[in-house]
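Student:
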Amino acid sequence: MGYDGEEEDMIKKIAQMEEIDEERYGAMHMASSSYTNSPCAACKFLRRKCLPGCIFSPYFPPEEPQKFANVHKIFGASNVSKLLNEILPHQREDAVNSLAYEAEARLKDPVYGCVGAISVLQRQVVRLQKELDATNADLMRFTGNELPVFPGGGDHIANNPGYGRRMDHNYGFSLPYNTTPWNNNASGDGPDEAGSGSM
């Protein structure tokens with residue numbers, strides 16, 4: 165399965181951003197559990213004193229200055245501060261992570277931002293679905309060519325079109341067993357009439 169250069173670069177960027185988010189999550193909890201005298205990344209960037217009740221301190225630790233720099237460049241410190249004060253405390257962590265993700269994506273792709281990454285992933289889903297459909301079609305052809313041999317020759321299979329063509333809807337390929345109901349032969353008719361049902 166091949167991807168063009170643009171999609172490969174976008175996939176790498178998405179993976180890097182996910183790794184960065186995991187590192188930020190751990191660092192943020194460390195910063196919120198114990199307050200230190202070191203100013204947070206926001207106060208250090210804005211060159212102001214970081215007080216114990218700083219709204220930025222739990223979410224912009226001093227070891228991640230670029231995180232706040234990106235958010236400030238795209239959204240502005242005052243807008244971020246206003247947003248954090250307006251939402252509930254348990255929602256602030258997710259809000260900051262979303263802002264940081266969007267800011268980083270917008271800096272890398274000023275036109276589309278996160279939408280560009282979403283578009284790449286959607287194209288991959290479509291491509292993979294087509295490959296899956298093609299693989300299922302190959303499996304159907306493969307299983308159709310390897311039907312079991314019964315004593316007395318292949319007349320039973322040849323005269324029973326329902327045999328060997330049952331579709332397994334859970335897996336998307338045909339399985340080699342008879343789909344003709346048992347009670348179709350109750351009248352004593354031959355296999356031609358019993359197996360005339362469609363799939």
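Counting the sequence shown from 1 gives a position; my numbering is that position plus 164. By construction, the Cβ of each residue, glycine as well, lies at the ideal position given by its N, Cα and C atoms.
#1: Does DSSP classify phenylalanine 337 as helix, strand or coil?
#2: Can you look up arginine 212 in the DSSP assignment and give me helix, strand or coil?
#3: Closest to proline 229 by C-alpha separation, out of Leu247, Asn243, Asn300 and Ala264, would be which residue?
#4: Are at least three pairs of beta-carbons, each pair with one atom in the stretch 246-254 and one in the stretch 283-295, less than 8 Å apart?
#5: Should the stretch 207-220 be called in touch with the stretch 233-245, which here means at least 3 C-beta pairs below 8 Å?
#6: May I ask you to report which of helix, strand or coil DSSP gives leucine 285?
#7: Are the CB atoms of phenylalanine 224 and lysine 231 within a distance shorter than 8 Å?
#8: Expressed to the nearest angstrom, what Euclidean distance is found between the alpha-carbon atoms of alanine 267 and valine 275?
#9: Could you pull out every residue in the same chain whose Cβ sits closer than 8 Å to the Cβ of lysine 294, ignoring the five residues on either side in sequence?
#10: Compute the beta-carbon to beta-carbon distance between leucine 271 and asparagine 234, rounded to the nearest angstrom, for a pair I have assumed lies under 8 Å.
#11: Enumerate, from N- to C-terminal direction, the unbroken beta strand (DSSP E) stretches of 3 or more residues contained entirely within the stretch 225-282.
#12: In whole angstroms, what is the alpha-carbon distance linking alanine 298 and asparagine 309?
Tutor: Taking the coordinates as given:
#1: Looking up residue 337 in the sequence shown gives position 173. Because the pLDDT at phenylalanine 337 is just 44, under 50, the model does not fix this residue reliably, and the point stays unresolved.
#2: Stepping through the sequence shown from its first residue, residue 212 is reached at position 48. Of the three classes helix, strand and coil, the one that applies to arginine 212 here is coil, per DSSP.
#3: Mapped onto the sequence shown, residue 229 falls at position 65. Of Leu247, Asn243, Asn300 and Ala264, the residue nearest in Cα terms is Ala264.
#4: no
#5: yes
#6: Indexing the sequence shown from 1 puts residue 285 at position 121. Three-state result, leucine 285: helix.
#7: Numbered from 1 along the sequence shown, position 67 holds the residue referred to as residue 231. Numbered from 1 along the sequence shown, position 60 holds the residue referred to as residue 224. In contact: lysine 231 and phenylalanine 224 (Cβ atoms closer than 8 Å).
#8: The residue labelled residue 267 in the question sits at position 103 within the sequence shown. The residue labelled residue 275 in the question sits at position 111 within the sequence shown. Those two C-alpha atoms are separated by around 12 Å.
#9: As a working mapping, residue 294 is identified with position 130 in the sequence shown. Within the same chain, lysine 294 has no close Cβ partners at all.
#10: Counting from 1 along the sequence shown, the entry for residue 271 is found at position 107. Counting from 1 along the sequence shown, the entry for residue 234 is found at position 70. Confirmed, about 6 Å.
#11: none
#12: Your numbering for residue 298 matches position 134 in the sequence shown. Your numbering for residue 309 matches position 145 in the sequence shown. Spanning the two alpha carbons is a distance of roughly 17 Å.
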